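Asks: Take a look at this one; I'll ask things after.
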Amino acid sequence: MLWGKSAGRAGGRSNLLLQHLLDTAAVAELIWDYYLSPSIRRALNAVAGHGEGRRLFAWVCGIHDIGKATPAFQHMDAAGAARVLGAGMAWDRRVVQRYRWRHDRAGGVLIRKYLAEAGWSQESVDWVWPLVAGHHGRFPTLGEAGEPRRARGQLSGSGSGWDAARHKLLVALTRAVGIGGLADVEPAGVPSRAVQLQLSGFVVMADWIASDQSHFKGVDALEQVSFQAARDRAREAWKRLGLRGGWGGLGQPDEDVFRRRFEEDPRPSQMVVMDTAARMDAPGLIVVEAPMGEGKTKAALVAAEFLAARWGLDGVFVGMPTQATADPMFTHVRAWVEAIEPSLAPQVALLHGKRMFNKQWRELLQDHGPAADNRFAGVAEDEFGLDDPYGVSDGACCPEASAERSAPAEWFLGAKRGLLCPFVVGTIDQLLFAATRTKHVMLRMAGLAGKVVILDEVHAADVYMSQFLAEGLRWLGQAHVPVILLSATLPPAQRRELVAAYLAGAGRSEEADASEAAAIPEPDGYPSVTAAWRTESSGGHMVRSCSSWREDLQVKVEILPERVVKKGASRGDMSEGDAQVLSLMRERLADGGCVLVIRNTVPRAQATFEALRGEFGDDVHLLHGRLSAADRAVRTEKCLRLLGPPQSEVSQRPSRMILVATQLAEQSFDVDADLLVTDLAPMDLLLQRIGRTHRHEGVPRPEAMAQPTVIVTGFCPQDDGPPEFPQAAEGIYGRYLLLRTAALVCAAAGECWSVPGRVPQLVTEVYDSGRQIVPGSWAAAEREARAYWADRQRARAESAEPFLLTRAGEHAQPTLEGLHRGGMHDGLSEEQHRAVVRDGDRSVEVVLVYRDERGFHALSGRRLGMGGVASPDLLDDVLGGTVRLPAKLTDAAEGTLGPLDGWRDHPWLRHSRALVLGASGSAQLGDHTVRYDEQLGLVVEGP
């Protein structure tokens with residue numbers, strides 16, 4: 003009569019432990035049949051031997067709660083304890099009340115004992131018991147999992163009746179799934195640790211589904227317990243939840259696949275990417291380096307079809323550098339999936355912390371019913387130290403999930419489950435989270451299993467983020483998950499590091515084989531494709547290049563020196579630098595044209611905008627990261643419409659336009675300017691900016707701007723020494739890279755760069771410290787800057803180590819035992835997770851609202867209800883007022899701001915911080931005054 007779920011957590015009637023074990027095994031069978039990719043099933047069949055992967059999978063999922071068959075757990079619910087005691091079982095009340103032994107850890111220790119007694123080999127026992135001990139999110143060491151010594155065996159049950167009861171449970175479960183006895187369960191092999199981690203994630207998935215009391219109500223009579231009944235209600239739950247996998251078995255694409263997907267012929271570089279994917283000898287890593295606008299993403303998506311068809315993958319994860327770039331990619335990927343199979347379009351999920359702001363995503367979630375997260379409540383009454391065993395407490399992850407409904411299946415929208423959806427578009431952070439030593443990391447890795455992983459703009463990962471990216475690639479390589487990395491300006495050293503990390507994982511080693519990595523040559527052209535993989539016996543690689551679809555542009559390089567104003571120096575209404583840009587615009591726009599001006603900071607962009615708008619009026623536009631969500635969306639759409647690819651014979655391109663922007667214009671921003679004026683930035687980013695000029699064919703341009711030109715400003719060259727840089731620029735990029743980039747810019751002044759043909763050479767020259775590229779008079783300054791930069795890079799890389807999923811020196815460990823040793827113990831919110839994987843000063847988002855004598859109103863002007871209550875028709879107006887504060891205001895915002903009273907019961911707004919602007923239109927945050935200007939966006943004034 004051992005119980006597994008109390009009446010309060012099983013629909014009003016307690017659920018017997020055996021029933022829950024059988025329910026979970028039945029759910030596992032459905033996961034195997036309708037969710038797991040062919041590649042995962044193939045891997046588990048190999049581990050089980052004789053094609054018995056399905057039975058082994060169901061058995062491993064079923065035994066997860068065997069640790070509940072102990073006094074340590076059974077005494078915890080009064081009603082359940084009374085029945086157990088009435089059946090003749092016993093425990094020492096003082097001991098069980100004084101000492102604690104978590105059931106997940108107890109289960110690991112006990113199953114370890116029983117499997118050894120059944121004759122299992124030590125290596126089989128060693129990898130299976132952590133799956134049980136870690137099913138609530140963390141893998142302990144054997145010492146951490148053990149029963150407290152002072153309990154003297156009372157928590158496990160000192161009488162023989164407890165051992166006998168547990169044996170009966172194990173025998174019943176084992177026979178139910180079709181296996182004769184414990185000895186017959188032993189797998190034929192040991193899976194890689196990556197496969198163990200993914201398997202653990204699927205154990206958690208099966209447990210969470212089988213713990214849904216709305217589908218699995220309690221069964222408290224032993225005569226009603228049966229595996230057939232468990233299978234019946236598991237099938238009904240599966241049907242009602244609408245769970246499914248992705249493609250299943252995707253047919254091999256034919257030569258016309260690209261045209262059918264995108265209604266255009268593939269370019270040479272796209273054909274090379276697809277052909278490489280079709281020719282690899284094993285799942286591996288593909289690095290695509292190609293110019294901006296080359297169509298890398300389209301090539302990667304079709305290459306994913308080739309990889310999926312060849313290796314039995316079931317879906318994709320597309321990781322983008324930012325939330326702003328993930329949103330349009332969601333639309334593109336959904337259209338691509340729909341072109342493959344229309345019924346799969348609803349299975350595409352958008353996954354990032356602010357997806358609730360995406361209108362398309364919200365429109366897909368119009369169903370009504372219980373919140374997804376609420377279906378998987380905790381069992382605090384049943385378990386000491388497991389206040390949130392299912393990881394779904396408020397704010398655990400994606401807090402907006404509590405109000406989301408369907409499409410994809412509602413279950414996938416709950417906390418920590420997003421990556422389990424068959425097709426996912428999100429920020430690269432989602433993969434980086436899977437490389438952290440955090441609770442329930444196995445769910446994230448399970449979500450990546452059986453997918454093709456595509457990561458765009460990987461050059462944007464700094465040295466800190468790169469530690470997590472490399473760690474993630476190690477695990478994906480070991481799991482034989484194919485990965486496609488995309489970049490226009492990837493430094494060669496970074497490419498080599500990423501390839502080495504993947505191969506080290508594939509080889510289950512601490513470090514990549516030096517000779518194997520050295521055997522991979524550098525690309526000899528651009529665009530290029532580098533592919534690497536490992537089979538069971540050896541490694542392989544392909545390095546290919548081709549011509550771009552368009553001829554190189556001869557981009558003229560000019561310099562507009564800007565004298566650096568020291569901090570605290572007296573300044574007039576218009577800075578000298580802005581006065582120079584204004585004079586330049588008067589000269590260059592005499593016959594019209596479209597100019598993109600990129601500044602390195604928001605205040606510089608705002609000041610430049612004001613200086614230019616005074617003369618050019620409405621022809622000047624401003625785009626930066628401190629606009630409200632609504633304003634940024636409107637302005638971005640307008641810029642793309644005016645400066646984007648020609649959509650029809652009737653051009654909407656204005657005769658004269660100036661767009662002042664920040665780094666937002668560097669990534670996934672498909673605009674075409676006639677002239678680029680930009681602050682100096684490291685070479686790879688500078689080239690990204692140059693990619694926004696003369697980008698499209700068939701665009702009419704003024705004769706004076708017929709030649710693409712970049713005018714570099716934001717620094718001041720000196721006659722007898724190194725140039726001067728603004729303090730803010732050095733703070734963002736570091737003096738070392740700015741010095742080396744400035745050397746090449748100064749050397750090219752008045753001449754041309756061949757773009758994109760020369761892109762790899764320019765990036766290599768800046769990032770290869772062995773190349774002497776600065777003038778002799780700069781050499782001392784460069785040495786000093788490089789020493790500081792190297793120390794800083796080393797310190798940042800080392801600061802990531804405590805958070806990486808695997809501790810240094812343990813990548814070759816064979817099991818998951820102790821994986822979480824030294825890891826973070828508390829559940830982390832989306833923002834906290836983001837802070838772990840992204841180095842730099844923390845910043846927070848707030849929702850701007852105005853307050854007057856009548857109450858609150860949104861930034862749009864629409865009046866809110868009492869206390870700020872937002873009716874459904876006002877939600878877009880309220881959320882449209884979201885803006886990110888500069889990092890210097892983070893402490894003040896976190897210490898003083900919270901939701902309005904009228905938001906506290908709203909599923910989304912209750913997690914938001916309101917910044918209330920008073921009658922003057924401003925608010926005080928610490929020592930700073932904050933206001934929102936309709937033209938400038940967020941303006942921060944103060945020290």
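3 is the number of the first residue of the sequence shown in this note's numbering; add one for each residue after it. Using N, Cα and C, we set each Cβ at its ideal position, and we do this for glycine too. Bear in mind that the values here come from a model prediction, so they are computed numbers and not experimental data.
1) Name the two residues that bound the continuous beta strand (DSSP E) containing Gln556.
2) Assuming Gly244 contacts Ala448 (C-beta within less than 8 Å), just tell me the rounded distance between them.
3) Short check: CB of Leu346 to CB of Val335, under 8 Å?
4) May I have the straight-line CA-CA distance separating Gly6 from Trp210, to the nearest angstrom?
5) From the DSSP output, in three-state form, read off Ser540 for me.
6) Relative to the C-alpha of Ala894, which residue among Leu917, Asp907, Pro909 and Asp879 is closest?
7) Could you give the uninterrupted runs of the alpha helix (DSSP H) lying entirely in the region 779-806, keeping only those of 4 residues or more?
8) If you compare alpha carbons, which of Val851, Ala279, Gln230 and Gly247 is closest to Gln2?
9) If you reduce the DSSP assignment to three classes, tell me which class Lys219 lands in.
10) Quick check on Trp249: does DSSP put it in helix, strand or coil?
11) Between the Cα of Pro419 and those of Pro728, Gln21, Val206 and Val29, spot the shortest distance and give me the residue it belongs to.
12) Going along the chain, which residues of its own chain have a beta-carbon closer than 8 Å to the beta-carbon of Gln198, five neighbours each way excluded?
13) Output the boundary residues of the alpha helix (DSSP H) element that contains Ala232.
14) How is Asp893 classed by DSSP in three states: helix, strand or coil?
15) Would you call Asp234 buried or exposed, if buried means 16 or more other Cβ atoms sit within 10 Å of its Cβ?
16) Quick one: Cα of Gly825 to Cα of Leu421, how far?
17) Could you spell out where the beta strand (DSSP E) holding Tyr934 opens and where it closes?
18) Going by Cα to Cα distance, which pick from Ala508, Arg498 and Thr532 is closest to Ala520?
19) With burial defined as no fewer than 16 other Cβ atoms inside 10 Å of the residue's Cβ, what is the status of Lys170: buried or exposed?
20) Can you tell me the Cβ-Cβ gap for Glu473 and Leu807, rounded? I've got them flagged as a contact below 8 Å.
21) Could you tell me how far apart the beta carbons of Val679 and Thr695 are, in whole angstroms, since I believe they sit closer than 8 Å?
22) Measuring only the C-alpha atoms, how far is Pro987 from Trp535?
23) Can you give me the C-alpha to C-alpha distance between Glu578 and Gln325, rounded to a whole angstrom?
24) Among Gln362, Asp256 and Lys356, which residue has its Cα nearest to the Cα of Trp910?
25) Count the other C-beta atoms from every protein chain shown that fall within 10 angstroms of the C-beta of Pro725, then say buried if there are 16 or more, exposed otherwise.
26) Check each candidate in Leu687, Lys219 and Trp103 and name the one with the smallest Cα separation from Ala9.
27) Between which two residues does the beta strand (DSSP E) containing Glu847 stretch?
28) For Pro605, which of Met576, Ala632 and Gly616 has the nearest alpha-carbon?
29) Is it buried or exposed for Ser202, if we count other Cβ within 10 angstroms and need 16 for buried?
30) On the CB-based measure, 16 or more other CB atoms within 10 Å of its CB, does Met276 come out buried or exposed?
31) CB-CB under 6 Å to Ala663, same chain, minus the five flanking residues each way: which ones, in chain order?
32) Have a look at Ala232, Asp686, Gln665 and Arg643 and flag the residue whose alpha-carbon is nearest the alpha-carbon of Asp674.
33) Do Asp841 and Met467 have their C-beta atoms within less than 8 Å of each other?
34) If we ignore side chains and look at the alpha-carbon of each, how far apart do Val350 and Leu366 end up?
35) Kindly identify the DSSP beta-bridge partner or partners of Leu7.
36) Would you list the one or two residues that DSSP bridges to Gln926?
Replies: Short version:
1) Leu555 to Ile561
2) Their Cβ separation, rounded to whole angstroms, is 19 Å, which puts Gly244 and Ala448 out of contact at 8 Å.
3) no
4) 14 Å
5) coil
6) Leu917
7) 781-802
8) Here the chain covers residues 3 to 945 and nothing more, so residue 2 does not appear.
9) coil
10) coil
11) Sequence inspection shows Arg at residue 419; the Pro mentioned does not correspond to that position. Answer by Cα proximity: Val206.
12) Trp129, Pro132, Leu133, Thr817 and Leu818
13) Phe229 to Leu243
14) helix
15) exposed
16) 22 Å
17) His930 to Asp935
18) Arg498
19) exposed
20) 6 Å
21) Not confirmed; about 10 Å, so no contact.
22) Since the displayed the chain opens at 3 and closes at 945, residue 987 lies outside it and no answer follows.
23) 35 Å
24) Lys356
25) buried
26) Lys219
27) Glu847 to Asp854
28) Met576
29) buried
30) buried
31) Ile600 and Leu625
32) Arg643
33) yes
34) 11 Å
35) One detail in the question is off: residue 7 reads as Lys in this sequence, not Leu. Per DSSP, Asn17.
36) Thr931
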